[in-house]
Amino acid sequence: MEHSSSVLRVENLSVGYDGKVILRNLNFSVGTGEIVVLLGSSGCGKSTLLRHLIGLLPPLSGRILFGDRVFADAQNPGSEEERDNVLRRIGVMFQSGALFGAMTLLENVLLPIREFTDLPHDLAVICAEMKLDSVGLLEYAHYFPSEISGGMQKRAAIARAIALDPKILFLDEPSAGLDPVTSDALDRLILSIRGKYGTSVVMVSHELASIFSIADRAIFLDKKTGGILDEGSPESLRDRSVHPEVAAFFNRGNSQKGR
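Its first residue numbered 147, the sequence shown is counted upward by one per residue in the working numbering.
Structure representation (C-alpha cells):
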C-alpha cells in the first residue's frame with residue numbers, strides 16, 4: 147500500500163514522566179491511510195509513547211507534528227488554540243473503551259460533536275447515528291454501556307473516536323480481553339474505517355493475529371536501549387529481523403506464519 151504523505155511525524159522525541167526518560171531520540175512517521183503498530187516487551191514504553199502522541203504528557207525533548215502543524219514541542223509549547231485545532235483532527239480509543247456509563251451510546255458519540263462543533267442538535271444527532279451505523283450499532287443507540295458486550299463497547303468507543311472524522315486514530319490494545327471471533331470482527335472494522343475514510347491508525351498491541359491482519363508496519367520498542375530496535379512490515383520482522391527479541395516476539399508459537 148502506498149502512503150503519499152505523512153499525517154504524523156515524530157522528530158528526536160524523548161518521552162517519560164517525573165523526570166525519568168523512558169524512550170529517547172525517536173524518529174518515525176505515519177503515512178496517510180497507514181496502520182502502524184507499536185510493539186515491545188512489557189515496560190518498554192508503548193503506552194507512555196501513546197500518551198505523548200495524544201497530548202496527555204509533554205515531550206521531554208523533540209517534537210510531534212500532525213501534518214504541517216506542531217502539536218507538541220519541548221522547546222516551544224505553542225498556543226492552546228493551535229493545540230485544540232490539532233486535537234480536533236485525532237481520535238482516541240482507550241483500552242477499556244472509557245465510555246461514560248451514565249450516557250447512552252448515542253450520547254457518548256454525541257459528546258465530541260457537541261464539544262468541538264457548532265452543529266444544530268438535530269444534525270449532530272444524525273452525524274452520531276451515522277457513526278454508530280458505521281460500526282454496526284445503530285440499533286443499540288439508546289442502550290447504556292453496561293447493557294452491551296465487551297466487543298460492542300469497543301465498537302462504540304471507536305464510533306466516538308471517529309465522530310469528528312479524524313485524520314488519524316489512536317487505539318490502545320483494541321483486541322485486549324476479546325475472544326478470537328470478536329477480535330477478528332474488530333480488525334475488519336478497523337480496516338473498513340481505513341478504507342472508507344482514509345484514516346491513518348496508530349495502535350498499541352501484542353496480539354499477533356491482529357498485528358498480521360491489519361498492520362502495514364510495526365515499530366518495535368526496546369526497553370534496554372530506550373529506542374526503536376527494529377521497524378518494518380510484520381512479515382519482514384518475523385522472517386528477517388536480526389534481533390533475537392523481535393524474532394522471538396513474532397515467532398511465539400509459530401501459529402501466525404503465513405497468515
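Here a beta-carbon is modelled for each residue, glycine too, at the ideal position from N, C-alpha and C.
Quantities reported herein were computed from a predicted structural model and do not represent experimental measurements.
Backbone CA spacing between residue i and residue j [nearest angstrom]
i, j, result
"I360", "P266", "36 Å"
"S382", "I294", "38 Å"
"L184", "L169", "13 Å"
"T250", "S351", "28 Å"
"H389", "T371", "13 Å"
"S151", "N231", "20 Å"
"S175", "L367", "15 Å"
"V161", "D385", "30 Å"
"P258", "D219", "25 Å"
"I336", "G282", "12 Å"
"G201", "Q221", "15 Å"
"F396", "R260", "43 Å"
"R197", "G344", "23 Å"
"G237", "K192", "18 Å"
"L332", "E391", "28 Å"
"I181", "S346", "6 Å"
"G296", "E319", "13 Å"
"L256", "A307", "11 Å"
"I324", "R334", "For the sequence presented, residue 324 should be read as Leu rather than Ile. If you take the alpha carbons of L324 and R334, they lie about 14 Å apart."
"D264", "G165", "40 Å"
"T178", "P312", "12 Å"
Residue i classed as buried or exposed, judged by whether at least 16 other C-beta atoms fall within 10 angstroms
i, result
"G341", "exposed"
"S321", "buried"
"I210", "buried"
"N254", "buried"
"L269", "exposed"
"P205", "buried"
"E285", "exposed"
"G404", "For G404, the predicted structure reports a pLDDT of 42, less than 50, and the residue's modelled location is therefore unreliable. The matter cannot be settled from this model."
"V411", "Look at the range of the chain in this structure, 147 to 405, and you will see that residue 411 is not part of it."
"S329", "buried"
"G189", "exposed"
Residues of its chain near residue i, where Cβ-Cβ distance is below 7 Å and the 5 sequence neighbours each way are ignored
i, result
"R234", "F262 and L310"
"S387", "D376 and A393"
Limits of the alpha helix (DSSP H) - the one that residue i falls within
i, result
"E377", "Here E377 belongs to no alpha helix (DSSP H); instead the beta strand (DSSP E) covers G373 to G378."
"F262", "L251 to F262"
"S359", "L354 to I360"
"R301", "G296 to A307"
"I339", "P326 to Y343"
"S193", "K192 to L199"
"D280", "Note on identity: in this sequence residue 280 is Ser, with Asp being the wrong assignment. Start and end: H267 to S280."
"V392", "P390 to F396"
Neighbourhood of residue i by C-beta distance below 6 Å, restricted to the same chain and skipping five residues each side
i, result
"A355", "none"
"G378", "none"
"S187", "K369"
"H288", "T250"
"E353", "S321"
"N158", "N171 and G208"
"L317", "M239 and M349"
"P380", "I357, F358, A361 and A364"
"R142", "With the chain represented from 147 up to 405, any question about residue 142 goes unanswered, as that position is not in the structure."
"T194", "V161 and I168"
Range of the contiguous beta strand (DSSP E) that encloses residue i
i, result
"F316", "I314 to D318"
"A218", "R215 to D219"
"D368", "R363 to D368"
Close beta carbons around residue i, own chain, < 8 Å, minus the five adjacent residues each side
i, result
"L252", "V271, A274, E275, L278, A287 and H288"
"I314", "V153, L154, V176, F212, R235, I236, G237, T345, S346, V347 and V348"
Q) So does the region 232-252 actually touch the region 302-310, counting three or more Cβ pairs closer than 8 Å? A) yes
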